[in-house]
Amino acid sequence: MGEKNRTAVVSKWIKTKVLLGSKEVRPFMLDTRKISKTDLKEMLKSYRMVYVKPENGTHGKGVIRAEQLENGDYTYQVETVKKTFGSYDPFYQSLQKLTGKRSYLIQKGIHLVKYRKRRFDIRVMVQRRPGGDWEATGLIGRVAREGKIVTNYHSGGTPMDVKTLLGAHLNEKETAKVIQSLNKLGVTTAKHLHKKYPGFRHIGLDIGFDRTWTPWIIEVNTMPDPYIFNQLKDKSMYRKVMKFRQAWK
Ligand SMILES: Nc1ncnc2c1ncn2[C@@H]1O[C@H](COP(=O)(O)OP(=O)(O)OP(=O)(O)O)[C@@H](O)[C@H]1O
Ligand SMILES: [Mg+2]
């Protein structure tokens, strides 16, 4: 398939590089590198917590959360299993057993805000009208199972409406402001990707918030699942998302 006609890009590494090419999107990006023994050590030293994930992963599979603790120990978690090591080399060797021959990335970790002790992030669906503008058509929260490190539906996460999640922490005015900034970031990101890939019709941004309510782009999906919106009681977003998709048929 020619680059111009592409409707999707799978590699999280390629997507990261393309997104870093936008002055407007870059401030929301997390330091991301291809895995190497020295970079992982360095990133753990600077950030204390990182996510190690497959370059071509989906559904949260193979995602690892790694940390360097105050006492200098190294630890990682996959699913709900945690392992701790007194020094870097055995820690890295153990990680390598999990990553195998697959290509992995390291990304600065965000301590995601929680809802009833569960981490959550927000999926922003952005779609284009045929021959027309981009619009943020759907917003949905994804709440991880307690103790889990990923929020994906396929890994046991629960979709929830954004106002409930944000409303547990913010007042109405603050919630409205956050929603507005998410929609704006979604459209800016879509427009940038569309310049390079005019064949794109929709994207789904996974946005995480840290304790200061700074939004961070965890990843941009180019094949976002529309059906997650059908999990909400209020079907208006689901209907809108499906209407945009129908328009391309
Ligand atoms: N840097 C990070 N900081 C905090 N949480 C993260 C980070 N990276 C990933 N996560 C958590 O792990 C989940 C899965 O990661 P990611 O979206 O990058 O891969 P994936 O879900 O396997 O890919 P896809 O969404 O394309 O199926 C995220 O939705 C988020 O909850
Ligand atoms: Mg994801």
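1 is the number of the first residue of the sequence shown in UniProt numbering; add one for each residue after it. A virtual CB, placed ideally from N, CA and C, is assigned to each residue, including glycine.
Taking a contact to mean a Cβ-Cβ separation below 9 Å, would you say residue i touches residue j in this structure?
i: Tyr74; j: Ser87; result: yes
i: Gly186; j: Val113; result: no
i: Leu139; j: Met237; result: yes
i: Gly204; j: Pro224; result: yes
i: Arg245; j: His194; result: no
i: Phe200; j: Thr58; result: no
i: Gly141; j: Pro159; result: yes
i: Lys15; j: Thr188; result: no
i: Val81; j: Arg118; result: no
i: Lys196; j: Val18; result: yes
i: residue 250; j: Tyr115; result: In this structure the chain extends from 1 to 249, so residue 250 is not present and cannot be described.
i: Tyr51; j: Asp31; result: no
i: Asp206; j: Arg145; result: no
i: Gly62; j: Val78; result: yes
i: Tyr92; j: Lys173; result: no
i: Asp121; j: Ile35; result: no
i: Gly60; j: Gly167; result: no
Compute the beta-carbon to beta-carbon distance between residue i and residue j, rounded to the nearest angstrom, for a pair I have assumed lies under 8 Å.
i: Val162; j: Ile179; result: 7 Å
i: Asp210; j: Ile106; result: The pair is not a contact, with the Cβ atoms about 18 Å apart (cut-off 8 Å).
i: Val241; j: Thr137; result: 5 Å
i: His169; j: Ser22; result: His169 to Ser22, Cβ: 29 Å. No contact.
i: Trp213; j: Pro130; result: Between Pro130 and Trp213 the Cβ distance is about 36 Å, and since that is not below 8 Å, they are no contact.
i: Trp13; j: Glu55; result: 5 Å
i: Met49; j: Arg33; result: About 15 Å separates the two Cβ atoms, so there is no contact after all.
Would you mind sorting residue i into buried or exposed? The rule is 16 or more other CB atoms within 10 Å of its CB.
i: Tyr227; result: exposed
i: Trp216; result: buried
i: Leu44; result: buried
i: Asn171; result: exposed
i: Trp134; result: buried
i: Gly72; result: exposed
i: Asp89; result: exposed
i: Gly128; result: Strictly speaking, residue 128 in this sequence is Arg, with Gly absent from that position. Flag for Arg128 reads buried.
i: Lys53; result: buried
i: Thr84; result: exposed
i: Gly132; result: exposed
i: Gln96; result: exposed
i: Ala190; result: buried
i: Asn152; result: buried
i: Ala176; result: exposed
i: Leu40; result: buried
i: Leu182; result: buried
Does any C-beta atom of chain B lie closer than 9 Å to the C-beta of residue i?
i: Leu193; result: Going by chain labels, chain B is absent from the structure shown, which holds only one protein chain.
query = Taking any heavy atom of ligand 2 as the mark, which residues have a C-beta closer than 7 Å to it, listed down the chain?
reply = Gly60, Asn152, Asp206, Ile218, Glu219 and Asn221
task = Could you name each continuous alpha helix (DSSP H) segment of 4 residues or more that falls completely within the region 135 to 217, going from the start of the chain to the end?
result = 162 to 167 and 172 to 196
Any beta strand (DSSP E) of 3 or more consecutive residues that is wholly inside the region 101 to 130 = 104 to 108 and 118 to 128
Unbroken stretches of the alpha helix (DSSP H), 4 residues or longer, contained in the region 47 to 76 = none
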